[in-house]
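Visitor: Counting the sequence shown from 1 gives a position; the working numbering is that position plus 404.
Ideal placement from N, C-alpha and C gives every residue a C-beta, glycine not left out.
Handing you a structure now.
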Amino acid sequence: MANDMREKAKEVGKHVQEKATQVGEQIRTQGTELANQAQGKVKSTLETQKQKRVGELSGLAEAVRQTSRSLREQEKEGIAQYTERAAEHMDRLVQYFDSRDVGELLNEAEIFARRHPEAFLGGAFMLGLFAGRFLKSSSDRRIDESSFYGRQESFRREEPRVPATPATPTM
């Protein structure tokens with residue numbers, strides 16, 4: 405009887421171990437799938453943002469090119485040449501970013517950061533300063549607008565108070 409119970413306990417133990425292994429595999433598979441989905445969404449979002457920024461840079465290059473034409477019309481050839489070169493550099497940058505996917509750009513940024521950490525950290529610092537400045541100014545603007553609208557609403561709600569005239573005594 406004790407042997408039977410031991411055998412049953414071993415069988416139950418093996419069964420539990422098999423089930424635990426199956427559940428572990430399912431969890432690993434689902435985790436991998438979720439990670440792949442999240443990675444795909446992040447990559448898609450980054451690709452969309454990259455395309456948006458490439459479009460903005462392309463528009464900026466065209467604006468600089470128009471400025472160059474305007475300067476030539478005003479017979480300011482020296483400055484016009486510099487602005488035209490700037491537009492050409494922007495066009496090359498647009499082509500560079502447009503021809504690479506996000507993964508390639510991230511790999512190249514990593515390689516650059518490893519080779520030139522001081523330049524990378526300096527650039528990251530400057531970018532952080534600009535981003536902080538931008539966020540602070542946009543936050544200040546939102547606060548100013550909301551306080552303006554809040555005051556405007558409070559002015560609308562209050563009705564002008566007319567002083568009460570004292571009742572005239574009757575005789």
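So, are the CB atoms of F524 and A535 less than 8 Å apart?
Guide: It is not a contact, given that the beta carbons lie outside the stated cut-off.
Visitor: So for F559, helix, strand or coil by DSSP?
Guide: Note that F559 scores a pLDDT of 48, beneath 50, so its modelled location is shaky and nothing firm can be said.
Visitor: Using the C-alpha atoms, what's the distance from G435 back to Q470?
Guide: Approximately 52 Å between the Cα atoms of the pair.
Visitor: Note the first and the last residue of the continuous alpha helix (DSSP H) segment covering M405.
Guide: Element bounds for M405: n/a, residue is neither H nor E.
Visitor: Quick test of your reading: D495 and A465, contact by CB under 8 Å. State the CB separation rounded to the nearest angstrom.
Guide: With a Cβ gap of about 5 Å, D495 and A465 count as contacting.
Visitor: Taking the beta carbon of A439 as the centre, do at least 16 other beta carbons fall within 10 Å, making it buried, or is it exposed?
Guide: Looking at its Cβ environment, which holds fewer than 16 other Cβ atoms inside 10 Å, A439 is exposed.
Visitor: What separation, rounded to the nearest whole angstrom, lies between the Cα atoms of R473 and G459?
Guide: Near 21 Å, if we compare the C-alpha coordinates of G459 and R473.
Visitor: Go ahead and label V498 buried or exposed: buried means 16 or more other beta carbons lie within 10 angstroms of its beta carbon, across all protein chains shown.
Guide: Buried is the call here.
Visitor: If you draw a straight line from the alpha carbon of Q421 to that of M405, how long is it in whole angstroms?
Guide: For Q421 and M405, the distance between alpha carbons rounds to 24 Å.
Visitor: What's the C-alpha gap between L539 and L533?
Guide: Rounded to whole angstroms, L539 to L533 spans 10 Å at the Cα level.
Visitor: Just verifying my parser: in three-state terms, what is the DSSP assignment at H419?
Guide: Helix at H419.
Visitor: What did DSSP end up calling K540 once you bin it into helix, strand or coil?
Guide: DSSP places K540 in helix when its eight states are reduced to three.
Visitor: Closer than 8 Å is the cut-off here; do at least three beta carbon pairs connect the stretch 504–516 with the stretch 472–492?
Guide: Too few Cβ pairs lie closer than 8 Å, so no.
Visitor: With a Cβ-Cβ cutoff of 8 Å, do V506 and K447 count as a contact?
Guide: Contact flag set, yes.
Visitor: Would you identify the three-state DSSP class for R496, choosing helix, strand or coil?
Guide: Correct three-state label for R496: helix.
Visitor: Under 8 Å Cβ to Cβ from E451, same chain only, skipping five residues before and after it: list those, please.
Guide: Closer than 8 Å at the Cβ level, and outside the excluded window around E451, lie D505, V506.
Visitor: By how many angstroms is the C-alpha of M409 removed from the C-alpha of R432?
Guide: In a straight line, the C-alpha of R432 is about 34 Å away from that of M409.
Visitor: Give me the Cα-Cα distance between Q441 and Q453, rounded to the nearest whole angstrom.
Guide: Distance between the alpha carbons of Q441 and Q453: 18 Å.
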